[in-house]
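The structure appears right after this line, and notes come after that.
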Amino acid sequence: MSELLFYQRPTVLNKEVHKSIRFSPVADFRFTNKVNSVPLLAIEFFEASRDLSVLFSQDQQGQYFPIALLSLKNQGHEQVDEAGVWLGNYTPAFIRRYPFVLSTDKNVCFDADYSGLQETEGEGELLFTEEGAYTDTLSKIIEFVTNFEAEHVRTREFCQAATEQDVFKPFVLQIITADKKPLRLDGLFVIDEKKLMALDDSVVTHWFRQGYLAWAYAHLHSLGALQRLSEKLDTRT
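To convert a position in the sequence shown, counted from 1, into the numbering used here, add 2.
And the structure:
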């Protein structure tokens, strides 16, 4: 999973250096404009599947990870309007945690280029008290990025289990755009429902208890959202 997809200047949060910094929540989501998908946590499949298609991709090591497909274009999407307002019914946690992220050594980092982090008096909420303790704002941020990391681990475990059972298959999207040009998205994968149905009973029981079975079917259910993305693309002038 590309942890730093949107982060231009990741910086470790330090209570001495950043004791006066104030945080204003993200209101402008145009920082996502150049991507057509973002990584997704497995626990998000249920809510995301009502609005977005959940597919799988592979990282540089060949490991599978889930993504929320935001658009059928090769680059960019239409989930954000010109004012930066998110138009979709569901915003992936990968986007919601910006500008913060938990580093591999468990330090809280932030994008120093994010305009909503500054030392202007009266704008935003302080992250540290005068004594250097966490404010409620920072405590909630830390809770969010920590939970994100924990669910990221569970998601990796789910993908590893699916890989071991060989249930992934390639999925190529080919459509004709409104201007009659062919568009092809490859490098995508889905769970093969036939292979899912053929799993041994012991595996099915384990997957059910781990929540993997529900996640697999939430993913398959989400493929219906491809039609909405297709309609949105085809109506562009």
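Positions of the beta carbon are idealized from the N, C-alpha and C atoms, including for glycine. The structure presented is a predicted model; accordingly, all values stated were derived computationally and were not measured.
Reduced DSSP secondary structure (H/G/I, E/B, other) of residue i
i	result
valine 206	helix
glutamine 120	strand
tyrosine 136	strand
valine 155	helix
lysine 171	strand
glutamate 166	helix
glutamate 18	coil
threonine 93	coil
isoleucine 144	helix
arginine 211	helix
arginine 99	coil
leucine 128	strand
phenylalanine 150	helix
alanine 6	The amino acid occupying residue 6 in the given sequence is leucine; alanine does not appear at that position. The answer is coil: DSSP assigns leucine 6 none of H, G, I, E or B.
glutamine 229	helix
leucine 201	coil
Own chain residues within Cβ distance below 8 Å of residue i, not counting five before or after
i	result
glutamine 250	Only positions 3 to 239 of the chain appear in the structure, and residue 250 is not among them; the question remains open.
phenylalanine 170	Phe58, Tyr66, Ala164, Phe191, Val192, Ile193 and Asp194
asparagine 91	Arg52 and Asp53
aspartate 228	For clarity, residue 228 is leucine in the given sequence; the question names aspartate instead. Within the same chain, leucine 228 has close Cβ partners Ser55, Leu71, Leu74 and Leu175.
isoleucine 144	Val110 and Tyr136
Own chain, CB closer than 6 Å to residue i, minus 5 neighbours either side, in chain order
i	result
glycine 126	Arg24, Phe25 and Ser26
methionine 3	In this prediction, methionine 3 has a pLDDT of 38, which is less than 50 and means its spatial position is unreliable; what the coordinates show is noted afterwards. Hits under 6 Å: Pro41 and Phe67.
leucine 215	Trp209
leucine 187	Leu175
alanine 220	Phe47, Phe48 and Ser51
phenylalanine 96	Val40 and Pro41
lysine 197	Val169
glycine 64	none
glutamate 151	Leu104
Same chain only: Cβ atoms within 7 Å of residue i, ignoring 5 sequence neighbours per side
i	result
tryptophan 217	Ala44, Phe47 and Phe160
arginine 32	Val82 and Gly86
alanine 70	Ser39, Val40, Leu42, Ala50, Leu54, Val56 and Pro94
glycine 78	Asn35, Lys36 and Asn38
Short CB-CB distance (under 8 Å) between residue i and chain C
i	result
asparagine 16	Included in the structure is just one protein chain, with no chain C present.
Assumed close pair residue i, residue j - CB separation to whole angstroms, cut-off 8 Å
i	j	result
leucine 185	leucine 74	7 Å
threonine 137	threonine 131	6 Å
leucine 201	glutamine 167	6 Å
arginine 11	aspartate 115	5 Å
Q: Any chance you could list the alpha helix (DSSP H) runs of at least 4 consecutive residues sitting entirely within the stretch 28 to 76, in chain order?
A: Every unbroken stretch of the alpha helix (DSSP H) spanning 4 or more residues and falling wholly within the stretch 28 to 76 is given here in chain order: 47 to 50.
Q) Between the stretch 6 to 18 and the stretch 30 to 47, do three or more beta carbon pairs fall short of 8 Å? A) Three or more beta-carbon pairs drawn from the stretch 6 to 18 and the stretch 30 to 47 are found closer than 8 Å, and the two stretches are therefore classed as touching.
Q | the stretch 113 to 121 contacting the stretch 96 to 104, beta-carbon criterion three pairs below 8 Å | A | The answer is yes - the stretch 96 to 104 touches the stretch 113 to 121, with three or more Cβ pairs under 8 Å.
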